[in-house]
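Protein sequence lines, in the order shown, are assigned to chains G and A.
Mapped onto the working numbering, the consecutive letters of the first sequence carry residue numbers 495 to 767.
Mapped onto the working numbering, the consecutive letters of the second sequence carry residue numbers 3 to 691.
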Amino acid sequence: MLALPRELLRSRELLFDLVRKDVRVRYRYAALGFVWAVLEPLALMAVLAFVFSFVLGGRTALLTGGEGGPPYDVFLLSGLLFWQFTAVSLGNAAQSILENRNLVQKVAFTREVLPIASMGYPLLNLGIGIVILFALHLGTGGLLGPSLAALPLVFAIQLALTVGVGLFVAWANALYRDIGYMLSVAILLGFYASPVLYPASLVASSGAVPEWAVRCYHLNPMAGLLSAYRTILFDGAWPEASLLAWPAGAAVFMLALGIFTFRRAAPTLSDHL
Amino acid sequence: MAIIEARNVTKTFPLKRGGRVLLGRGGLPDLFRGAPASAFNAVEEVSLSVEAGESVGIIGGNGSGKSTLLKMLAGVTLPTSGEVEVRGRVASLLELGAGFHPVLTGRENVYLNAGLYGRIHAQVDEVLESIIEFSGIRDFIDQPVDSYSSGMYVRIAFAAAVHMDPDIFLVDEVLSVGDEAFQRKCRQKIGELREQGKTILFVSHDLGIVNTVCQRVVLMSKGRLLERRTRQETFDFYLRQIGQASGIHTIRSGRSETVFSHGKLSLYHDQREVTAPQGILFEVFSMGQSHAGPMADWRVTEAGDTAFTAVGSFARVPASLEVKGFLQGDKLELGLCLTAERAFDLEELRVSIALPAQADQWLFDERPHAARMITPEHAHREMETMPDSHARRVAAWATDESVPGLGVELSPAQPQSFVQLVNGEFLSAARFLFCTAPMPGGRRSLQEGDRIEFGTVVFDLHLDAAAQREQTESQQAASQLDCGAFEAAFDHGALRLRYAGYEAEARCLLLSDALWTQSPGLAWSVPERDGDTLRVRGIDRRLQAAQFWTLQAENGRLRWTVEIESERPFALQEYNASLLLDADYAQWAAAHETGRFPEFAPAQEWRPLNVSHAASEWIRASGPGLPGIAMMQDAGEKALLPSALNTGAAQHRRVLQMLRRGPQGAPFAFAAGRHRLFSVMLRVLEATE
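Below, the structure is given as structure tokens:
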């Protein structure tokens with residue numbers, strides 16, 4: 495398990511080459527090319543913001559924390575971006591071994607590179623999204639404070655979690671293709687069961703949700719992470735430690751599990767392709 | 003220590019490949035029932051140990067486990083049980099386009115591919131240029147590879163793989179996609195890798211190429227690995243296995259052994275292979291096409307302990323070839339007879355004998371010949387100039403005795419039969435002695451049932467190399483003359499003068515019917531020695547004349563007299579005595595003129611440098627610190643014209659000539675009989691500053 499960081503460091507150029515390949519493959523026949531990397535998250539946000547503003551009418555302020563809060567579309571984008579990173583990364587990671595079967599079957603190399611490289615493109619998307627998010631935030635009267643320093647920390651937790659789960663689903667899907675289908679369902683469920691469209695506080699405060707369900711809700715590490723991002727951005731405050739403790743623990747556990755199980759499965763992955 | 007070590011390796015696959023299943027055979031229900039999932043052992047209990055520098059061929063039918071074995075050695079998958087240890091960097095060409103992505107350009111793919119082998123960009127930058135150069139697709143290197151043809155694909159993939167500087171090179175049946183030129187390049191490269199001591203594992207169905215590339219052959223059969231005592235036995239086992247047993251037979255006598263296998267003969271003595279892996283083949287030439295023995299369908303009709311008869315029917319010429327072999331002691335007597343099954347035109351019959359490239363010492367009848375070294379530059383077969391193509395006894399052995407020698411004695415039935423020595427390309431690492439029986443007039447129309455005898459060939463499988471060497475050495479000593487300041491030796495139509503570390507070469511050149519004849523192209527007899535005089539005779543088949551040379555050492559000089567004899571009148575436009583010198587010679591001088599040798603330039607090739615063509619009794623060359631060298635006309639000799647020239651850059655020699663040209667371009671007419679062409683003195687002078 496300790497060998498992995500060293501091997502990844504040695505294969506860093508391969509990692510970048512694979513990411514570049516991903517980007518190249520994606521935009522090769524697109525007339526707008528890389529512009530889609532910007533348009534895609536914006537369009538998704540626009541659709542969701544439009545639909546929910548329509549449904550909720552003037553009640554969006556309830557979701558975003560009253561009059562002083564950010565506009566709903568900025569609020570939505572802040573959750574959506576970080577959620578999309580994990581969701582797309584996991585989806586990609588699950589397919590990464592299968593898609594690169596002609597590499598896996600012919601050459602011996604550090605297999606972890608494949609799922610990890612498949613997260614490069616979502617990461618790039620996230621980077622672009624964050625720039626848009628900050629621009630919209632500032633443009634609508636928001637402020638960026640020193641609390642931003644906590645953002646990398648929160649993201650590190652999210653990244654560890656994503657890589658851990660990603661490695662797990664990567665090998666598991668190569669062995670049992672069912673994993674891929676199960677993952678799509680889980681991601682769809684996660685989208686609604688995470689505070690993307692609404693703040694996490696709404697779940698507890700609505701009163702309609704029983705106590706045990708709220709507790710279950712908070713077992714989802716994404717709940718704590720997405721809330722933490724919003725605290726940083728919209729409240730200008732450091733997230734509470736209690737909010738991150740569980741996601742951090744889950745991330746460490748998943749990362750260890752992912753690395754360990756992937757290592758075990760890696761040498762014979764090619765037999766299952 | 004073995005570089006590749008596989009111990010009791012077994013690889014089991016579930017019958018249903020691909021992702022595991024939960025339901026159905028081998029799935030959960032079976033697991034609950036306790037029924038074992040049916041599985042298939044692709045590789046079973048295989049142990050293989052390969053030493054560094056070995057080249058191992060893996061043959062076997064489809065689905066025999068070759069590729070699975072190779073995959074485990076490449077580290078792409080693990081064995082189910084057993085151990086695989088590979089000590090060294092592996093580059094593998096397991097399949098077309100492995101490690102390539104169709105959307106990326108050739109250049110990007112080279113980087114990506116190198117990354118998979120653990121190389122960083124900086125390492126690739128160093129070899130990128132030679133990769134592009136080797137692949138020969140520079141114009142397309144920045145195109146996405148999905149626009150490549152399969153041949154271009156394999157070119158770039160092969161080039162990238164060999165430039166990764168692997169210790170071990172695994173190749174799985176991909177090279178056949180490239181075109182002829184590229185395949186040759188690949189074979190040459192593989193030969194070089196082999197020469198550099200890289201370990202090669204080569205999987206192919208093409209026994210021919212496995213035979214040339216690999217020193218060792220193993221056979222995979224139903225997941226198991228087999229290896230016989232010799233490579234040929236492994237091949238034979240395989241051929242028997244695929245139901246071609248009827249074309250194989252082995253005869254033995256004492257320590258000698260001859261294996262006939264589908265039109266190819268391999269000779270062994272004391273368990274050592276005397277012939278090269280290409281063996282002895284029979285070829286039939288018709289309509290300008292060669293039909294080689296292995297292309298025929300062979301049947302051994304008589305299979306004795308020391309004798310066999312085999313009949314091969316050719317698929318594309320209506321003929322069958324009967325081969326009879328008889329082994330007695332260490333001698334194999336081989337008889338060959340062609341029978342026409344329908345009317346067709348026969349041009350030639352040939353027996354091609356392959357010997358390892360190490361066999362560099364040859365003897366044609368009495369005349370010794372040292373064959374050129376075969377280097378990676380040799381991408382084609384190349385004819386070797388040899389002393390006598392009408393020799394009936396040929397012997398070959400290696401200077402270092404690393405391979406056994408072979409003697410060949412021909413009793414041809416066809417009067418015009420001749421032998422040729424051909425150096426194989428680098429990878430084949432073989433020399434070929436062609437014994438050819440051309441039909442009179444170049445072609446003979448055969449009727450159904452016509453029989454053409456090739457004659458008999460006797461092979462001596464236990465050549466006494468020491469005796470041959472002795473003979474060669476005494477031959478060479480007999481053709482040397484000590485002239486004081488230099489030593490002169492007659493060598494197949496060339497006169498070699500050796501002095502102070504330099505070698506000059508004298509030849510006699512004749513121009514007739516606008517074609518130059520050079521004396522080394524003649525068939526020369528063994529020199530006869532009489533004190534300080536050597537006499538030698540060369541047959542000029544084109545002019546149908548004989549040259550007689552007399553060489554006399556006299557007061558530190560060498561007198562060289564050339565006479566010519568013909569039974570019918572003939573004509574020469576020009577003839578000369580040419581002296582080829584080292585390129586270090588800078589100046590020349592004749593009685594009326596002096597000059598410098600210019601740089602070698604295409605326009606200057608064999609062009610006289612002198613302006614004056616007045617007769618001169620002498621011409622000489624000198625250079626800084628070099629002994630001067632001079633050619634003079636002999637006392638009482640008719641006037642000769644001097645000339646100085648440069649050869650082409652490839653030959654890179656300075657030339658001095660003493661020549662005689664017909665008046666006003668008209669040829670000299672010679673009556674039938676013997677005439678003196680010229681007599682000159684050769685002399686080496688003191689070194690000049």
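Backbone N, C-alpha and C define an ideal beta-carbon position, used for all residues, glycine too.
Starting from the Cα of residue i, find the closest Cα among the options and give me that residue.
i: Phe628 (chain G); options: G:Asp672, G:Phe662 and G:Pro564; result: G:Pro564
i: Glu131 (chain A); options: A:His165, A:Ser404, A:Ala632 and A:Tyr150; result: A:His165
i: Ala644 (chain G); options: G:Phe747, G:Gly633, G:Leu592 and G:Trp732; result: G:Trp732
i: Gln666 (chain A); options: A:Glu576, A:Leu228, A:Gln635 and A:Leu583; result: A:Glu576
i: Gly630 (chain A); options: A:Met375, A:Leu499, A:Gly290 and A:Phe171; result: A:Leu499
i: Glu565 (chain A); options: A:Gln449, A:Arg678, A:Val58 and A:Arg91; result: A:Arg678
i: Gln234 (chain A); options: A:Gly225, A:Thr214 and A:Ala312; result: A:Thr214
i: Gly336 (chain A); options: A:Glu135, A:Leu221 and A:Lys266; result: Per the sequence shown, the amino acid found at residue 336 (chain A) is Leu instead of Gly. Per the Cα distances, A:Lys266.
i: Thr634 (chain G); options: G:Gln589, G:Gly623 and G:Phe569; result: G:Phe569
i: Gly138 (chain A); options: A:Asp362, A:Asp127 and A:Tyr150; result: A:Tyr150
i: Gln589 (chain G); options: G:Tyr521, G:Ile673, G:Leu682 and G:Arg522; result: G:Ile673
i: Gly59 (chain A); options: A:Arg471, A:Thr14, A:Leu50 and A:Cys216; result: A:Cys216
i: Ser263 (chain A); options: A:Gly638, A:Leu483 and A:Ile253; result: A:Ile253
Exposed or buried, which one is residue i when buried takes at least 16 other CB atoms within 10 Å?
i: Tyr675 (chain G); result: exposed
i: Thr70 (chain A); result: buried
i: Trp526 (chain A); result: buried
i: Leu727 (chain G); result: buried
i: Pro499 (chain G); result: exposed
i: Thr474 (chain A); result: buried
i: Arg656 (chain A); result: buried
i: Lys640 (chain A); result: exposed
i: Ala668 (chain A); result: exposed
i: Arg277 (chain A); result: The amino acid occupying residue 277 (chain A) in the given sequence is Thr; Arg does not appear at that position. The residue in question, Thr277 (chain A), is buried, as its Cβ has 16 or more Cβ neighbours within 10 Å.
i: Gln659 (chain A); result: buried
i: Gln291 (chain A); result: exposed
i: Thr387 (chain A); result: exposed
i: Asp532 (chain A); result: exposed
i: Phe184 (chain A); result: buried
i: Tyr523 (chain G); result: exposed
i: Asp511 (chain G); result: buried
What does a CB cutoff of less than 8 Å around residue i pick up in its chain, not counting 5 residues either side in sequence?
i: Gln478 (chain A); result: Pro370 and Ala491
i: Arg19 (chain A); result: Confidence in Arg19 (chain A) is poor, its pLDDT being 48 and thus under 50, which makes the residue's placement too unreliable to answer from.
i: His766 (chain G); result: Ala668 and Leu669
i: Ile244 (chain A); result: Gly63
i: Glu534 (chain G); result: Asn619
Got a sec? Which residues, its chain only, sit under 7 Å from residue i by beta carbon, not counting five neighbours each side?
i: Val86 (chain A); result: Ala8, Val11, Met74 and Leu75
i: Ile211 (chain A); result: none
i: Arg544 (chain A); result: Thr519
i: Gly21 (chain A); result: Low confidence applies here, because Gly21 (chain A) scores a pLDDT of 47, under 50, leaving its location unreliable and the question unanswered by this model.
i: Leu118 (chain A); result: Gly101
i: Lys600 (chain G); result: none
Counting only the same chain and skipping the five closest in sequence on each side, list residues whose C-beta sits under 6 Å from that of residue i.
i: Tyr587 (chain A); result: Ala623, Gly625 and Arg656
i: Glu384 (chain A); result: Asn425
i: Ala37 (chain A); result: The pLDDT assigned to Ala37 (chain A) is 48, lower than 50, so where the model puts this residue is not dependable, and the model offers no usable value.
i: Gly26 (chain A); result: Residue confidence is low: Gly26 (chain A) scores 48 on pLDDT, short of 50, so the model does not pin down where it sits. Its coordinate-derived value is still stated next. So the list is empty, once near-sequence residues are dropped.
i: Ile621 (chain A); result: Ala592, Met633, Pro644 and Leu658
Checklist entry - Taking only runs of the beta strand (DSSP E) that begin and end inside the segment 357 to 439 of chain A, which ones reach a length of at least 3 residues, in chain order? => result 363 to 366, 369 to 372, 384 to 386, 395 to 399, 408 to 414 and 420 to 425
Next on the checklist: What are the residues in the segment 593 to 611 of chain G lying within 9 Å of chain A by C-beta distance?
Outcome noted: Asn594, Asn596, Leu597, Val598, Gln599, Lys600, Val601, Ala602, Phe603, Thr604 and Val607
Item to check | Members of the segment 70 to 92 of chain A near chain G, C-beta cut-off 8 Å | outcome: Lys73, Ala76, Gly77, Val78, Thr79, Leu80 and Val92
Checklist entry - Mind listing which residues of the segment 103 to 116 of chain A have their C-beta closer than 7 Å to chain G's C-betas, in chain order? => result His103, Val105, Leu106, Tyr113 and Leu114
Next on the checklist: Taking beta-carbon pairs under 7 Å, can you tell me which members of the segment 39 to 60 of chain A lie near chain G?
Outcome noted: Cβ contacts with chain G: none found.
Item to check | Cβ-based contacts, 7 Å cut-off: residues of the segment 509 to 542 of chain G near chain A | outcome: Asp511, Lys515, Arg518, Val519 and Arg522
Checklist entry - Taking Cβ-Cβ distances below 8 Å as the criterion, which residues of the segment 116 to 132 of chain A are in contact with chain G? => result Gly117, Leu118, Tyr119, Gly120, Ile122 and His123
Checklist entry - Which residues, taken in chain order from the segment 431 to 443 of chain A, show a beta carbon closer than 8 Å to some beta carbon of chain G? => result When C-beta distances to chain G are compared with 8 Å, every residue of the segment 431 to 443 of chain A stays at or above that value.
Item to check | 3-residue-minimum beta strand (DSSP E) runs that sit fully inside the segment 516 to 594 of chain A, ordered along the chain | outcome: 517 to 520, 530 to 532, 535 to 542, 547 to 556, 559 to 568, 572 to 574, 576 to 583 and 589 to 592
Checklist entry - Taking a cut of 7 Å between CB atoms, which residues from the segment 739 to 764 of chain G lie near chain A? => result Pro761, Thr762 and Ser764
Next on the checklist: Residues of the segment 397 to 425 of chain A in Cβ contact with chain G at a cutoff of 8 Å, in chain order, please.
Outcome noted: Taken residue by residue, none of the segment 397 to 425 of chain A has a beta-carbon sitting less than 8 Å from a beta-carbon on chain G.
Next on the checklist: Can you pull out the residues from the segment 600 to 630 of chain A whose beta carbon lies closer than 7 Å to at least one beta carbon of chain G?
Outcome noted: Going along the segment 600 to 630 of chain A in chain order, one finds no residue with a Cβ nearer than 7 Å to chain G.
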